[in-house]
Amino acid sequence: MANQSGEESETADQRGGDTPQAVATTEYDYSNFYYSSSDDLFAIFGPYDDWWYGSARNSGYYLFSQPMSTPPGPRINLEEQLHHETLKLFNLASYNYLGLSTHPEVIAAAHAALDKYGLGAAGSPILSGTMDVHLTLEKELAAFKHKEAAMVFPTGYSTNVGLLSALMRPGDWVILDQNVHASIVDGAILAKAQVKFFRHNQPADLEKKLKGTTGKRLVVVEGVYSMDGDIARLPEMVEISKRAGARILIDEAHSSFVYGAEGRGVVEHFGLEDEVDIHVGTFSKALGGQGGYVAGSQSLYNYLMGFARSRVFSCALSPAVTAGVLAALRIVQREPQLRQRLWENVAHFRGLLATAGVDVAESTSQIIPIMIRNDRKILGIAQTLQKEGLYLQPIIFPAVAKHRSRFRVSISASHSTADLDRAAAILIKVLREEEIIK
3 MANQSGEESE TADQRGGDTP QAVATTEYDY SNFYYSSSDD LFAIFGPYDD WWYGSARNSG
63 YYLFSQPMST PPGPRINLEE QLHHETLKLF NLASYNYLGL STHPEVIAAA HAALDKYGLG
123 AAGSPILSGT MDVHLTLEKE LAAFKHKEAA MVFPTGYSTN VGLLSALMRP GDWVILDQNV
183 HASIVDGAIL AKAQVKFFRH NQPADLEKKL KGTTGKRLVV VEGVYSMDGD IARLPEMVEI
243 SKRAGARILI DEAHSSFVYG AEGRGVVEHF GLEDEVDIHV GTFSKALGGQ GGYVAGSQSL
303 YNYLMGFARS RVFSCALSPA VTAGVLAALR IVQREPQLRQ RLWENVAHFR GLLATAGVDV
363 AESTSQIIPI MIRNDRKILG IAQTLQKEGL YLQPIIFPAV AKHRSRFRVS ISASHSTADL
423 DRAAAILIKV LREEEIIK
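Take 3 as the starting number for the sequence shown in this note's numbering and just add one per residue.
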């Protein structure tokens, strides 16, 4: 077992046991298994299995990756993995912000595309994988975003990784908000660019970090931050970046199709659509599908065609998913009442939490963190919530910093008021019992 100093203790096999035995690992987490002192690549597996089977799984880590047997709607059936039970739960964990993953038109479009094109694209986008439905989605998305062009990627993760590694080179500077998504960080690392982090949502620190940098510089922020639910201070970030001569990229994974009068995101909300150089987003959040996009100039599109390795060397997005996303995009433009309903639900649920004194940090969006700040206790609370009928995922290291654990509530337009009332009642009851709130 790897201890705090990184040394290795005996594995279960070395102790002579047939199965991993419980060891003193209750204070361990994933960080204890990042490095191994052994020269054997697989040596870490034994200590990790000891931890996983000895204490981690039973103490709450089993809560991760539990499969649903229903769509990700307001109520779900969850296949619980410790006692192997099927649980009927209120769902506040899924991204499905506008409830479009099961919209009849979206399902019908995906069905029709499945019949027309088959299951997969069977090729890279630059070889045989591009189909007419991909180009239709790109054209309509670019028009929606008021940009010359938009490029579709297989996932949101591959979008940022491909974009950053395509544009940046060794010696270039990438200046990141410290809370940006891991895909942005990984893209900068893959590019071998120089990286600086500025304090979360602090324009003054961005300005400080830009000083002393020269050459090509890219500032990256998010529209809505995925773990905190707060909105970027975009006007100040743009002004500072422009004054320094740096380009700016915004990742609107959680704000596209949700923010702005027409749903074009935080850039529209602030009236800065033409001031931000590169717009990134996903189809897996508000549209309930899969994939990501980059929107910007035609020249950017042309360059990424040749240099975005995560797209060039991946299979194109499934045509059935693409058709479903296209249908969802059209619905978003036709039915603004979905966004209105979402914001009504957000206000209602926030009101219930505020009355009970629940700590939601700086969130102002449909993402509402329920701050626990106890990395051990949160797993037990999550198990209790699940037993009481509420599905919320515990968010712990490495998704957030240590001692910043929280539950992440995702509100959807598809939630009824009764759903939200009952879910809030369960949450508040358990938080009081656990002495998180009074």
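Just so it is clear, CB atoms sit at the ideal spot from N, CA and C, and this is done for glycine as well.
Boundaries of the beta strand (DSSP E) in which residue i is found, first to last residue
i	result
tyrosine 99	Counting along the chain, tyrosine 99 falls outside any beta strand (DSSP E), and DSSP gives it neither H nor E.
valine 411	408-412
isoleucine 128	No beta strand (DSSP E) holds isoleucine 128; DSSP gives it neither H nor E.
alanine 351	In the sequence as displayed, the identity of residue 351 is phenylalanine instead of alanine. Note, phenylalanine 351: premise wrong, no beta strand (DSSP E); alpha helix (DSSP H) at 339-358.
phenylalanine 92	88-93
Nearest candidate by alpha-carbon position, reference residue i, set the options
i	options	result
aspartate 230	Asn203, Arg249 and Leu220	Asn203
valine 411	Ala123, Leu394 and Ala151	Leu394
isoleucine 233	Arg245, Ile250, Ser257 and Ala263	Ser257
aspartate 390	Gly75, Gly131 and Asn93	In the sequence as presented, aspartate is not what sits at residue 390; that position holds glutamate. Per the Cα distances, Asn93.
serine 71	Leu65, Arg77, Tyr63 and Glu81	Glu81
histidine 479	Gly262, Ile78 and Leu220	In the structure displayed, the chain extends from 3 to 440; residue 479 sits before or after that span and is not available.
tyrosine 99	Ala255, Val323 and Gly189	Ala255
leucine 65	Lys440, Thr386 and Glu437	Thr386
threonine 138	Leu212, Ala193, Leu344 and Ala151	Ala151
methionine 373	Ser367, Leu354, Pro396 and Thr357	Pro396
glutamine 157	Thr357, Met239, Ala310 and Asp279	The residue asked about is misnamed: residue 157 is threonine in this sequence, not glutamine. Here the closest residue by C-alpha is Ala310.
glycine 262	Leu422, Ala425, Trp345 and Tyr305	Trp345
isoleucine 383	Phe399, Ile438, Tyr32 and Glu209	Ile438
leucine 129	Arg313, Val176 and Ala401	Arg313
threonine 419	His183, Leu354, Phe146 and Arg249	Leu354
isoleucine 280	Ala425, Met307 and Leu251	Leu251
asparagine 304	Arg235, Met153 and Asp41	Met153
isoleucine 242	Ser228, Leu220 and Asp253	Leu220
serine 33	Thr284, Tyr50, Ala45 and His113	Tyr50
valine 282	Tyr36, Leu302, Phe272 and Gly273	Leu302
glutamine 342	Asp174, Val360 and Phe259	Phe259
leucine 392	Lys218, Val432, Ile369 and Val402	Val432
Three-state secondary structure (DSSP) of residue i
i	result
leucine 392	strand
isoleucine 369	strand
glutamate 364	coil
lysine 440	coil
alanine 401	coil
threonine 27	Below a pLDDT of 50, predicted positions are generally treated as unreliable, and threonine 27, at 48, falls in that range; the measurement from the model is reported next regardless. In the structure shown, threonine 27 sits in coil (DSSP, three-state: anything other than H, G, I, E or B).
isoleucine 177	strand
asparagine 34	helix
lysine 198	strand
threonine 13	Because threonine 13 carries a pLDDT of 37, less than 50, the predicted location of this residue cannot be relied on, and the following value inherits that uncertainty. Here threonine 13 sits in coil by DSSP.
threonine 138	helix
threonine 386	helix
glutamate 450	What the structure shows of the chain is the stretch from 3 to 440, and residue 450 is not part of that stretch, so it cannot be assessed.
threonine 72	coil
aspartate 51	helix
leucine 43	coil
serine 470	Nothing about residue 470 can be reported from this structure: the residues present for the chain run from 3 to 440 only.
valine 182	coil
glycine 189	helix
alanine 123	coil
glutamine 145	Glutamine is not the amino acid found at residue 145; the sequence shown has alanine there. The answer is helix: DSSP assigns alanine 145 an H, G or I state.
arginine 378	coil
Alpha helix (DSSP H) segment containing residue i, residue limits
i	result
leucine 429	419-435
glycine 326	321-336
phenylalanine 259	Run containing phenylalanine 259: none; DSSP gives neither H nor E here.
lysine 118	106-119
valine 154	It is not in any alpha helix (DSSP H) - valine 154 instead sits in the beta strand (DSSP E) that spans 151-155.
glutamate 209	205-212
asparagine 162	158-169
isoleucine 374	Isoleucine 374 -> no alpha helix (DSSP H), and no H or E assigned at all.
Residue-level contact to chain D via CB, residue i, 9 Å cutoff
i	result
isoleucine 280	No chain D appears in this structure, which consists of one protein chain only.
heavy atom of the ligand MG below 8 Å from residue i C-beta
i	result
arginine 171	Questions concerning the ligand MG fall outside what the structure shown contains, since it holds no ligand whatsoever.
Original post:
If we count Cβ pairs, one from each stretch, closer than 8 Å, do we get three or more for the segment 339-352 versus the segment 149-168?
Top reply: no
**OP:** Counting only runs of 3+ residues fully inside the segment 292-317, write out the beta strand (DSSP E) ranges in chain order.
**Re:** 294-298
Subject >> Complete runs of the beta strand (DSSP E) confined to the segment 214-299 [at least 3 residues] >> reply: 219-224, 249-253, 280-284 and 294-298
Original post:
Is the number of C-beta pairs between the segment 290-299 and the segment 367-384 that are closer than 8 Å three or more?
Top reply: no
**OP:** Decide if the segment 307-321 is in contact with the segment 117-132; the criterion is three or more beta carbon pairs, one per stretch, under 8 Å apart.
**Re:** yes
Original post:
Is it true that the segment 327-339 meets the segment 188-200, where meeting means three or more beta-carbon pairs spaced less than 8 Å apart?
Top reply: no
Original post:
Is the segment 215-227 close to the segment 171-190, with three or more CB pairs under 8 Å?
Top reply: yes
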